[in-house]
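Residue numbers (this note's numbering), protein chains in the order written: chain A, 74 to 386; chain B, 165 to 424. Glycine included, every Cβ here is placed at the ideal spot set by N, Cα and C.
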Amino acid sequence: MFQAFFVDPFVMIYDAPLFFVEVLVSGLMAGVMYALVALGFVLIYKASGVFNFAQGAMVLFAALTFVGLWELGVNPWLALILAALVMIGVAFTIERVVLRPLVNQDPIIFFMATIGITYFLDGFGQTIWGSEVRPLDIGIPNEPFMDLAEMTGLYINKFDVFSAVVCSLLVALLAGFFTKTKIGRALRAVADDHQAALSVGIPLKTIWTIVWSVAGIVGLAAGILWGSKLGVQFTLALIAFKALPVLILGGFTSIPGAIIGGLIIGSGEKIAEVYWGEAMGGAIEDWFAYVVALIFLLFRPQGLFGEKIIERV
Amino acid sequence: MERKIGETLLSVDHISLSFGGVKALTDISFSIREKEVFAIIGPNGAGKTSMLNVINGFYHPQEGEITYKGVHRKQMRSHEAAVQGIARTFQNVALFKGMSTLDNIMTGRIIRMKRNLFWQAMYLGPARKEEMENREFVEDIIDFLEIQAIRRTPVGRLPYGLQKRVELGRALAMEPELLLLDEPMAGMNIEEKQDMCRFILDVNDQYGTTIALIEHDMGVVMDISDRVVVLDYGKKLADGSPDEVRANQDVIDAYLGVPH
Chain A
74 MFQAFFVDPF
84 VMIYDAPLFF
94 VEVLVSGLMA
104 GVMYALVALG
114 FVLIYKASGV
124 FNFAQGAMVL
134 FAALTFVGLW
144 ELGVNPWLAL
154 ILAALVMIGV
164 AFTIERVVLR
174 PLVNQDPIIF
184 FMATIGITYF
194 LDGFGQTIWG
204 SEVRPLDIGI
214 PNEPFMDLAE
224 MTGLYINKFD
234 VFSAVVCSLL
244 VALLAGFFTK
254 TKIGRALRAV
264 ADDHQAALSV
274 GIPLKTIWTI
284 VWSVAGIVGL
294 AAGILWGSKL
304 GVQFTLALIA
314 FKALPVLILG
324 GFTSIPGAII
334 GGLIIGSGEK
344 IAEVYWGEAM
354 GGAIEDWFAY
364 VVALIFLLFR
374 PQGLFGEKII
384 ERV
Chain B
165 MERKIGETLL
175 SVDHISLSFG
185 GVKALTDISF
195 SIREKEVFAI
205 IGPNGAGKTS
215 MLNVINGFYH
225 PQEGEITYKG
235 VHRKQMRSHE
245 AAVQGIARTF
255 QNVALFKGMS
265 TLDNIMTGRI
275 IRMKRNLFWQ
285 AMYLGPARKE
295 EMENREFVED
305 IIDFLEIQAI
315 RRTPVGRLPY
325 GLQKRVELGR
335 ALAMEPELLL
345 LDEPMAGMNI
355 EEKQDMCRFI
365 LDVNDQYGTT
375 IALIEHDMGV
385 VMDISDRVVV
395 LDYGKKLADG
405 SPDEVRANQD
415 VIDAYLGVPH
């Protein structure tokens, strides 16, 4: 027992360091993709103090729309733009129909409303586009860089690198967009107190529409990347729950937190699976992240980068 | 600067507001003149806060008209009110609790910052310069309100009196022409009240800001306001100078009760 947990894994790492690097890299790449999903949550949480249960449904809906349009014969680039526009449309509708009547209500009310949105989007998307699994091939081969493999013996997957690059770009863009500027401040203000935000002239509706649009577009990116890995199907909506431990680790209000949380969870679960999986009976990848999150909650409930909760009594 | 009370800045005419069957305000008219300190008083539930909410667009009255800077409106919209220079504070302090004092006051500058999304996203060039300028403006307010020491403290951690001061700072950051203060001195001790009075009068004096305030402390109201309007059960009882109002029989009855 002791041998299996504390000796063998390290011996394996020592014997095959290249393999360890491969595992680590593929874990980090998966982590970036978790971060992308987590980012959608963070944006909305920052702007409304609400956990958006519908983020997963938005990922699914966006991916379905993209694939559906493409299958209808629309040029993929055009389909991408159209799908982004549809997500902006969804944001407008949600703001108008769901959020606006709820101004100044408790966060729990908003949370319930996002559960409603989830069911609607899940059903609506599948009603329009059907519910069968659609393969999605965006033209990036799912194979390792052969040159690199021949030279160093490292197998790094092309598609993983591509998605990591896309995710990093998006994340960098958003981080710049939402920190340090008046928009960032307006977001936090809106999240904190609707009425006070209105009184200093922050246009609540505009902020919400912007944030939900951006979350929708981030969802589209996540949907396409995950979709080409897993196929576009209902399980995409469940990917969102993989973002939960990432959020708990990184903090619900922090964009860098979402990224670092994603990297830790992604690489952690891959390494745990490969080296400790056997000792624990396999398939620990499925629950490892949640356990890490639980342990984290005990020590840092606000996450690595989250805002500390202050209450004057 | 010589303080001179000028023309009418804002007037409300025959405002009525009800929530379902409950009448919050009935046929209220008064006007606030430039650069004056105007007080709205009345017993609990008289409709004072509702009146402020109508002025800055949180409530939309069913009847009546609001004239601000010569423009007639059926109702204000809160964003428009803010852009047009109406700032306010709240009865039970509505600050952004997780944010620092500095950030809270900076939110007041949002409507004064004009650079578009693109520049801000890049955070360079004009947007950066603009951020700096606004920061300077806010630092002046912090000096004025004597809250330098708590600049970086999250406001949720501050004592109540200081929170009220930060809230005033946020309103001032908007460079308001009309400042609405909802019970600025509620829950304060005498010293804090004196400080707050001083700030209000200084704002009025130095920046020429028109001030409309709701207050329960009659001593304060009579001391600092130029004119007073009295509400009771959503109706106007009287308005005029503090002395006139003090002598009005209806007002005395409302506050002290009448023998039956």
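Output, in sequence order along the chain, the residues in the region 254 to 275 of chain A whose CB is closer than 7 Å to any CB in chain B.
From the region 254 to 275 of chain A, only T254, K255, I256, R258, A259, R261, A262, D265, D266, Q268, A269, L271, S272, V273, G274, I275 have a Cβ closer than 7 Å to chain B.
Give the straight-line distance between the Cα atoms of R252 of chain B and V392 of chain B, rounded to the nearest whole angstrom.
Here the alpha carbons of V392 of chain B and R252 of chain B stand approximately 18 Å from one another.
Restricting to Cα atoms, I'd like to know which of A:Y363, A:T200, A:L309, A:P276 is closest to G334 of chain A.
Comparing Cα positions, the closest option is A:Y363.
What did DSSP end up calling V234 of chain A once you bin it into helix, strand or coil?
Assigned with DSSP and collapsed to three states, V234 of chain A falls in helix.
Contact residues within the region 300 to 313 of chain B, judged by C-beta distance below 8 Å to chain A:
Of all residues in the region 300 to 313 of chain B, none places a beta-carbon less than 8 Å from a beta-carbon of chain A.
So for V273 of chain A, helix, strand or coil by DSSP?
Coil at V273 of chain A, not helix or strand.
Coarse secondary structure for F134 of chain A, derived from DSSP in three states:
Note: F134 of chain A maps to helix in three-state DSSP.
Entirely enclosed alpha helix (DSSP H) segments - the region 355 to 384 of chain A, minimum 4 residues:
Listed in chain order, they are 358 to 372.
Would you kindly check if the distance between the Cβ of G292 of chain A and the Cβ of V84 of chain A is under 8 Å?
No. Outside cutoff.
C-alpha gap between R410 of chain B and D403 of chain B, whole angstroms
Near 10 Å, if we compare the C-alpha coordinates of D403 of chain B and R410 of chain B.
Tell me whether H267 of chain A sits in a helix, a strand or coil according to DSSP, three-state version.
Correct three-state label for H267 of chain A: helix.
Could you name the residues of the region 201 to 223 of chain B whose beta carbon sits closer than 9 Å to any beta carbon of chain A, in the order they occur along the chain?
Answer in chain order: N220, G221, F222.
Taking the alpha carbon of F235 of chain A as the point to measure from, which residue in A:W349, A:G341, A:L97, A:V105 has its own alpha carbon closest?
Nearest of A:W349, A:G341, A:L97, A:V105 to F235 of chain A, Cα basis: A:V105.
Compare the C-beta of V422 of chain B against all C-beta atoms of chain A and say whether one is closer than 8 Å.
It does not; no Cβ of chain A falls within 8 Å.
Closer than 8 Å to chain A by CB, R252 of chain B:
R252 of chain B counts as touching chain A.
Assuming A136 of chain A and G300 of chain A are in contact, meaning their beta carbons sit under 8 Å apart, how far apart are those beta carbons, in whole angstroms?
Contact check for A136 of chain A and G300 of chain A: beta-carbon distance about 4 Å, within the 8 Å limit, so the pair qualifies.
Looking at C-alpha atoms only, which residue of B:A418, B:A245, B:G234 is the closest neighbour of P49 of chain A?
The question about residue 49 of chain A has no answer here: the residues shown for chain A are numbered 74 through 386.
Is it right to say N125 of chain A is buried, meaning 16 or more other beta carbons lie within 10 angstroms of its own, or is it exposed?
With a threshold of 16 other beta carbon atoms within 10 Å, N125 of chain A meets it and is buried.
Between I161 of chain A and the rest of its own chain, which residues show a CB-CB distance below 7 Å, the 5 nearest in sequence each way excluded?
If you ignore the 5 residues before and after I161 of chain A, its C-beta comes within less than 7 Å of the C-beta of S286, G289, all in its own chain and listed in chain order.
Minimum length 4: unbroken alpha helix (DSSP H) runs contained in the region 328 to 394 of chain B
Qualifying alpha helix (DSSP H) stretches, in chain order: 354 to 366, 382 to 388.
As assigned by DSSP and simplified to three states, the class of D64 of chain A
Any property of residue 64 of chain A remains undetermined from this structure, which presents chain A solely from 74 to 386.
Considering only residues of the same chain and omitting the five flanking positions on each side of G398 of chain B, which have a CB-CB separation below 6 Å?
For G398 of chain B, where only same-chain residues beyond five positions count, the Cβ hits under 6 Å are K187, A188, L189, T190, G211.
Where R315 of chain B meets chain A, residues with beta-carbon distance less than 8 Å
Ordered by position in chain A, no residue passes the 8 Å Cβ test against R315 of chain B, which lies about 15 Å from the chain.
H178 of chain B touches chain A at which residues, Cβ-Cβ below 7 Å?
Chain A residues near H178 of chain B: none, gap ~25 Å exceeds 7 Å.
Other residues of its chain near T166 of chain A: CB distance less than 8 Å, five sequence neighbours each side excluded
None.
Listed by chain order, chain A residues near F260 of chain B by CB distance under 7 Å
Ordered by position in chain A, the residues that pass the 7 Å Cβ test against F260 of chain B are R261, A262, D265, D266, A269.
First through last residue of the beta strand (DSSP E) which encompasses E229 of chain B:
Annotation: the continuous beta strand (DSSP E) that includes E229 of chain B extends over 227 to 232.
Compare the beta carbon distance of S242 of chain B and G221 of chain B with 8 Å and say whether it is the shorter of the two.
G221 of chain B is positioned such that its CB atom lies closer than 8 Å to that of S242 of chain B.
Start-to-end residues for the beta strand (DSSP E) that takes in G209 of chain B:
No beta strand (DSSP E) holds G209 of chain B; DSSP gives it neither H nor E.
Rounded separation between G323 of chain A and F378 of chain A - CA only:
Those two C-alpha atoms are separated by around 6 Å.
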